[in-house]
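Worksheet: one structure, shown below.
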Amino acid sequence: PPNSNGTAGKMNGALEHSDQPDPDAIKMFVGQIPRSWSEKELKELFEPYGAVYQINILRDRSQNPPQSKGCCFVTFYTRKAALEAQNALHNIKTLTGVSEASFLF
Numbered sequence: 001p002p003n004s005n006g007t008a009g010k011m012n013g014a015l016e017h018s019d020q021p022d023p024d025a026i027k028m029f030v031g032q033i034p035r036s037w038s039e040k041e042l043k044e045l046f047e048p049y050g051a052v053y054q055i056n057i058l059r060d061r062s063q064n065p066p067q068s069k070g071c072c073f074v075t076f077y078t079r080k081a082a083l084e085a086q087n088a089l090h091n092i093k094t095l096t097g098v099s100e101a102s103f104l105f
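According to the UniProt record's numbering, the sequence shown is numbered sequentially starting from 1.
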């Protein structure tokens, strides 16, 4: 059954939101992230800019267990949040464990 905002009340395991991202939401590529970081750590980095719909770390599946390639895709619920994160973090945010000192969007 629909909930109060008219969308189906289906929860996605790790996410608190039950709705879909805005139709104009951006799926952003982010490079130069620490290979040791998990989706949880990335979500903590990005959430100050807006609610995160999905984070997908690209992994080398030939490794056992699969190893991060040091990049990911991030989808925010709103285009505005994605652009704010990009503007705030692009070539600015320095992370320990990354020899090149910035994210690439």
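Each residue gets a CB set at the ideal place from its N, CA and C atoms; glycine is no exception.
- A distance of 8 angstroms or more separates the beta carbons of Phe-29 and Phe-76.
- Separation of the CB atoms of Tyr-53 and Ala-85 is rounded to 13 angstroms, and the pair is thereby denied contact status at 8 angstroms.
- By a beta-carbon distance limit of 8 angstroms, Lys-69 does not contact Ile-55. Their separation comes to about 14 angstroms.
- The residue from Ala-88, Ser-36, Thr-78, Asn-64 with its alpha-carbon nearest to that of Asp-19 is Thr-78.
- In terms of Cβ geometry, Ala-81 and Gly-31 do not form a close pair [threshold 8 angstroms].
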